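Q: Count along the sequence shown from 1, then add 12; that gives the number in our numbering. Please find one structure pasted underneath; my questions will follow.
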Amino acid sequence: MSKPKINLLGLSRAGLERYFLEQGEQRFRAEQILKWIHQQGVKDFAAMTNLSVALRGKLETIAEISLPEVVGEQLSTDGTRKWLLRVDPQNSIEMVFIPENSRGTLCISSQAGCALNCAFCATAKQGFGRNLSSAEIIGQLWLARQLLAETADAPRITNVVLMGMGEPLLNFEAIAPALDLMIDDCAWGLAKRRVTVSTAGVVPGIKQLAEHCPVSLAVSLHAPDDALRDQLVPINRSYPIKELLTACRDYVADDRRAKITFEYVMLDGVNDSAKQAKALARLLEGIPSKVNLIPFNPFPGAEFQRSSQANIDRFREILSAAGLTTITRRPRGQDIAAACGRLEGDILPRSQRIARLRAAKQASPNPRSHAPIGA
Ligand code: SAH
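If you want it as structure tokens, here you go:
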């Protein structure tokens with residue numbers, strides 16, 4: 013049987029250089045291929061006219077550029093677009109494009125499903141499918157650009173956020189080359205600050221990211237104390253707030269302009285009191301930060317309600333008064349289930365899921381257990 017073809021889409025410059033050297037080809041081929049794939053949007057080797065005819069022929073037999081299949085598209089009344097992509101017969105993912113005045117943000121997935129089981133997230137209810145490959149991650153940019161080019165206003169992708177399905181820092185091996193491609197001038201050429209990795213708080217991953225590719229970091233905090241965070245974001249039991257915030261401080265220590273974005277979903281009667289706002293402000297003291305308040309986006313079967321506007325405003329004012337730059341994120345794409353935490357793909361549901369969460373606020377402090385992730 014012939015060897016399976018290697019998908020060049022997911023290889024970073026370093027990976028492509030290694031690949032071409034192994035093939036007895038010259039290193040600079042990497043740069044040529046990067047430009048064809050990621051700048052020109054070409055996936056047919058025959059069209060790569062600055063490669064020798066012999067190399068084009070060889071690549072056709074041993075390599076490929078293959079992408080997830082687009083199986084659905086929805087357009088929101090606010091201009092937000094959501095696509096459903098099939099990555100294999102069992103797993104699909106979603107990506108979302110959010111147009112704003114001066115920018116266009118693409119929200120991409122890093123895993124099919126998610127293993128983290130955050131109490132307020134629709135993806136969690138679907139369980140974990142599998143890690144995406146780097147080709148499936150960067151392939152989302154490739155597909156989105158092509159799909160957007162076909163629309164009437166053909167908006168540009170100016171920012172990328174890994175805030176779709178999955179926990180990016182539990183798939184570091186695949187996000188690393190994808191991030192490299194996003195910031196490589198011969199590929200996507202995005203500035204580091206225009207690429208954001210959002211994490212529920214995987215501390216070792218934050219350290220890896222700092223070393224490998226310090227793009228913007230967003231941290232889904234959602235609670236000002238461990239007792240509540242253990243309930244809302246169960247990975248907190250492995251990496252409690254103090255450890256997480258130390259990793260955040262270290263992440264921005266070498267860059268005077270860098271800030272961590274802390275995301276805080278506003279859950280009615282759970283984490284939205286004035287007392288909790290003050291506790292949050294104290295917690296973030298001394299960390300260069302921005303706070304994004306995300307009004308909870310309900311989904312069928314959700315056990316939370318969105319905080320009232322008055323509570324959201326009060327929360328924001330307390331943080332602002334404490335000197336924290338705080339914005340309330342405007343929910344986008346609500347009519348097409350494209351808002352934060354509503355992405356579901358069509359992962360097979362995990363049967364034993366759904367630990368019911370009641371009165372999370374009164375939960376007694378858990379001893380720090382080091383349960384495996386997703387347990
Ligand atoms: N696993 C990563 C990225 C995915 S979620 C992380 O946790 O950061 C992207 C953001 O949406 C996170 O801040 C997440 O907590 C938030 N989110 C999840 N469900 C939500 C919901 N129902 N309403 C509002 N925000 C939600």
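Backbone N, C-alpha and C define an ideal beta-carbon position, used for all residues, glycine too. Keep in mind that this is a model prediction, so the values were computed, not measured.
Run the proximity test for residue 275: is its beta-carbon closer than 8 angstroms to any non-hydrogen atom belonging to the ligand SAH?
A: True, at least one ligand heavy atom lies under 8 angstroms from that Cβ.
Q: Are the beta-carbon atoms of residue 199 and residue 41 separated by less than 9 angstroms?
A: Not closer than 9 angstroms, so no.
Q: Where DSSP assigns a beta bridge to residue 140, which residues make up the other side?
A: The partner list for residue 140 (beta bridge, DSSP) reads 125.
Q: Beta carbon of residue 211, beta carbon of residue 232: below 9 angstroms?
A: Contact flag set, yes.
Q: Out of 325, 284, 298, point me to the one whose CA is closest to residue 316's CA.
A: Looking at the Cα atoms, 284 is the closest of the given residues.
Q: For residue 140 and residue 125, I'd like the C-alpha separation in whole angstroms.
A: One C-alpha to the other measures close to 4 angstroms.
Q: Taking residue 94 as the reference, give the member of 101, 64, 159 with the closest Cα.
A: Answer by Cα proximity: 159.
Q: Quick check: the Cα distance between residue 373 and residue 239, rounded to an integer number of angstroms?
A: Any reading at residue 373 needs caution, since the residue's pLDDT is 30, under 50, leaving its predicted position unreliable; the model's value is listed next. Spanning the two alpha carbons is a distance of roughly 8 angstroms.
Q: Given this structure, state the Cα-to-Cα distance separating residue 203 from residue 193, to the nearest angstrom.
A: Each residue's Cα considered, the two are about 11 angstroms apart.
Q: Threshold first: 3 residues or longer. Then list the beta strand (DSSP E) segments lying entirely within the segment 180-219, N to C.
A: You should have 207-211.
Q: In chain order, what residues of the same chain lie with their CB nearer than 7 angstroms to the CB of residue 183, ignoring the 5 residues before and after it?
A: Excluding positions up to five away in sequence, the list reads 122, 123, 143, 144.
Q: Here's the rule: buried if 16 or more other CB atoms are within 10 angstroms of the residue's CB, otherwise exposed. What is residue 265?
A: Per the 10 Å Cβ criterion, exposed.
Q: Is any heavy atom of the ligand SAH found at a distance shorter than 8 angstroms from the C-beta of residue 177?
A: Yes, since a heavy atom of the ligand SAH falls inside the 8 angstroms radius drawn around the Cβ of residue 177.
Q: Taking its Cβ as the centre, do 16 or more other Cβ atoms sit within 10 Å of residue 113, making it buried, or is it exposed?
A: Exposed.
Q: Is any heavy atom in the ligand FMN found nearer than 8 angstroms to the beta carbon of residue 186?
A: In the structure shown, the ligand FMN is absent; the only ligands present are the ligand SAH.
Q: Between which two residues does the alpha helix (DSSP H) carrying residue 260 extend?
A: Segment 253-264, the alpha helix (DSSP H) holding residue 260.
Q: How would you call residue 329, buried or exposed, if buried means at least 16 neighbouring beta carbons within 10 angstroms?
A: Exposed: under 16 other Cβ atoms inside 10 Å.
Q: Using beta-carbon positions only, say whether residue 334 and residue 293 come within less than 9 angstroms of one another.
A: Closer than 9 angstroms, so yes.
Q: Could you have a look at residue 362 and say whether DSSP puts it in helix, strand or coil?
A: In this prediction, residue 362 has a pLDDT of 35, which is less than 50 and means its spatial position is unreliable; nothing more can be read from the coordinates.
Q: Name the one or two DSSP bridge partners that residue 95 has.
A: According to DSSP, residue 95 bridges with 85, 107.
Q: Can you give me the C-alpha to C-alpha distance between residue 17 and residue 79, rounded to a whole angstrom?
A: Cα to Cα, residue 17 sits roughly 13 angstroms from residue 79.
Q: If you pair each beta-carbon of the segment 211-224 with each one of the segment 268-282, do three or more pairs fall below 8 angstroms?
A: Contact between the segment 211-224 and the segment 268-282 is absent, because fewer than three Cβ pairs lie under 8 angstroms.
Q: What are the boundary residues of the beta strand (DSSP E) that residue 116 is part of?
A: Note, residue 116: beta strand (DSSP E), 116-119.
Q: Helix, strand or coil for residue 377 per DSSP?
A: The predicted model places residue 377 with a pLDDT of 34, which falls under 50 and marks its position as unreliable; any figure quoted below should be read in that light. Reduced to three states, the DSSP call for residue 377 is coil.
Q: What residue range is occupied by the uninterrupted beta strand (DSSP E) comprising residue 231?
A: Where residue 231 is concerned, the enclosing beta strand (DSSP E) stretches over 228-232.
Q: When burial is assigned at 16 or more other CB atoms within 10 Å of the CB, is residue 15 buried or exposed?
A: The residue in question, residue 15, is exposed, as its Cβ has fewer than 16 Cβ neighbours within 10 Å.
Q: Quick check on the DSSP output: what are the complete alpha helix (DSSP H) runs of length 4 or more inside the segment 52-84, in order along the chain?
A: You should have 65-74.
Q: Quick one: does the C-beta of residue 82 sit closer than 8 angstroms to a heavy atom of the ligand SAH?
A: The answer is no for residue 82.
Q: My assumption, with CB atoms under 8 angstroms, is that residue 107 sits in contact with residue 152. Please give the rounded CB distance.
A: Sure, about 5 angstroms apart at Cβ, within 8 angstroms.
Q: If you draw a straight line from the alpha carbon of residue 73 to that of residue 100, how long is it in whole angstroms?
A: Computed Cα separation, rounded: 23 angstroms.
Q: Tell me whether residue 307, by its Cβ, gets closer than 8 angstroms to a heavy atom of the ligand SAH.
A: For the ligand SAH, at least one heavy atom lies less than 8 angstroms from the Cβ of residue 307.
Q: For residue 9 and residue 297, I'd like the C-alpha separation in whole angstroms.
A: This structure cannot settle anything about residue 9, because the visible part of the chain is limited to 13 through 387.
Q: Whole angstroms are fine: how far does the CA of residue 76 sit from the CA of residue 33?
A: Going from the Cα of residue 33 to the Cα of residue 76 covers about 17 angstroms.
Q: How long is the line joining the alpha carbons of residue 65 and residue 71, rounded to whole angstroms?
A: Approximately 10 angstroms between the Cα atoms of the pair.
Q: In whole angstroms, what separates the C-alpha of residue 117 from that of residue 290?
A: Straight-line Cα distance between these residues: approximately 31 angstroms.
Q: Just list the residues that DSSP pairs residue 304 with in beta bridges.
A: Note: residue 304 sits in a beta bridge opposite 275, 339.
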